[in-house]
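Numbering (my numbering), first residue to last: 1 to 336.
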């Protein structure tokens, strides 16, 4: 228990710095090794970030591999109550690291990250994976423990993966639940990031709205949201982006060549029931070169039940491509 009292119920913050500070991340394990022995007992409860730094866990340069798994970060020992942090109030801060795995593919590896300005924050960090976590919701997958940003970055490196990597191993269980936050994912630096297999704006069952304001905001190039259509785990790469109080996905002018493929946007996880975003399903805001959909069935987005447009194109360039989506129907294409 780091940064709280011995009962794990109230803050006793660790001064003007981080709860856990790692100067060389190589080989570091924070939390469980998921070997089936005492995995739950290996959980850390870390809400020690306070003052100007405000990081619960900080990795500082000198890359991975490293793992942060099975912890309660920003909450009390129950995982349901946020512990107030000062300053930036970041749950996990990677600064110049690569090869870090946050979470994993099994429930015991799931980090609960809530009550922070940024649940996860990257700076100049690429090649990391954020998998299987509950970011903005408690251990039951439905009780909101809001972060302002589920994920945000600053001068982020390239090719971070949020959700499944689609390699055919444990892909069905690598997705995150990113709900209850002001912004779910804010991808504003770096490029070529991948967002796949996540539930964004709903509970862990994919049926009940636990809204972010905006589900995903993209303002960097080459981001892939959903499947790559390579025939491996394409269905598991589907994001469910629904129930948010503004847009499901917003791609701004910097989000050139973004690909949005194979997702359910505005429906429950079954693709049959509307749990709409209150705004547009997809909002292209000055975007150039985006591709919405694809030329095989697994790349088809179902974009339905939303309070605004299914797809809104505003002041965007003339090189966006929208093809083979179901807009206004369920996943079968047969019913409204």
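We put the CB at the ideal spot given by N, CA and C, even for glycine.
Check                                                                                                                                                                                   : Outcome
Between the Cα of residue 332 and the Cα atoms of 311, 187 and 264, which residue gives the shortest distance?                                                                          : 264
Quick check: residue 162 and residue 176, are their CB atoms within less than 8 Å of each other?                                                                                        : yes
Could you check how far apart the C-beta atoms of residue 133 and residue 103 are, in whole angstroms? I think they sit under 8 Å.                                                      : 4 Å
For the stretch 317–324 against the stretch 266–280, do three or more pairs of beta-carbon atoms, one drawn from each stretch, fall closer than 8 Å, so that the two count as touching? : no
Where does residue 230 sit, in a helix, a strand or coil, going by DSSP?                                                                                                                : coil
What residue from 183, 120 and 66 has the CA that sits closest to residue 72's CA?                                                                                                      : 120
In whole angstroms, what is the alpha-carbon distance linking residue 106 and residue 173?                                                                                              : 7 Å
Would you kindly report the start and end of the unbroken beta strand (DSSP E) that includes residue 247?                                                                               : First-last for residue 247: undefined, no H or E at that position.
Count the other CB atoms within 10 Å of the CB of residue 231; is the residue buried (16 or more) or exposed (fewer)?                                                                   : exposed
Considering only C-alpha positions, which residue in the set 38, 95 and 37 is nearest to residue 64?                                                                                    : 95
Residue 141 to residue 57, Cα distance in whole Å?                                                                                                                                      : 22 Å
Among the residues of its own chain, which have a CB less than 7 Å from the CB of residue 234, if the five just before and after it don't count?                                        : 227, 262 and 298
Can you round the beta-carbon distance between residue 249 and residue 288 to whole angstroms, since I take them to be within the 8 Å contact cut?                                      : With 8 Å as the limit, residue 249 and residue 288 do not qualify as a contact, their Cβ atoms being about 16 Å apart.
Among the residues of its own chain, which have a CB less than 6 Å from the CB of residue 93, if the five just before and after it don't count?                                         : 55, 58 and 121
Helix, strand or coil for residue 298? Go by DSSP, reduced to three states.                                                                                                             : helix
Classify residue 219 as buried or exposed, calling it buried when 16 or more other Cβ atoms lie within 10 Å of its own Cβ.                                                              : buried
Round the Cβ separation of residue 290 and residue 241 to the nearest angstrom and send it over; I've been treating them as touching at under 8 Å.                                      : Residue 290 to residue 241, Cβ: 15 Å. No contact.
According to DSSP, simplified to helix, strand and coil, what is residue 11?                                                                                                            : strand
Kindly indicate which three-state DSSP category residue 274 falls into: helix, strand or coil?                                                                                          : strand
Please classify residue 41: is it buried, with 16 or more other beta-carbons within 10 angstroms of its beta-carbon, or exposed?                                                        : exposed
Alpha carbon to alpha carbon, how far is residue 246 from residue 312? Give it in angstroms, no decimals.                                                                               : 13 Å
If we ignore side chains and look at the alpha-carbon of each, how far apart do residue 293 and residue 258 end up?                                                                     : 11 Å
What residue from 325, 165 and 336 has the CA that sits closest to residue 101's CA?                                                                                                    : 165
State the CB to CB distance for the pair residue 111 and residue 70, rounded to an integer number of angstroms; the pair is presumed to be in contact (CB under 8 Å).                   : 7 Å
In the structure shown, what three-state DSSP assignment does residue 40 receive?                                                                                                       : helix
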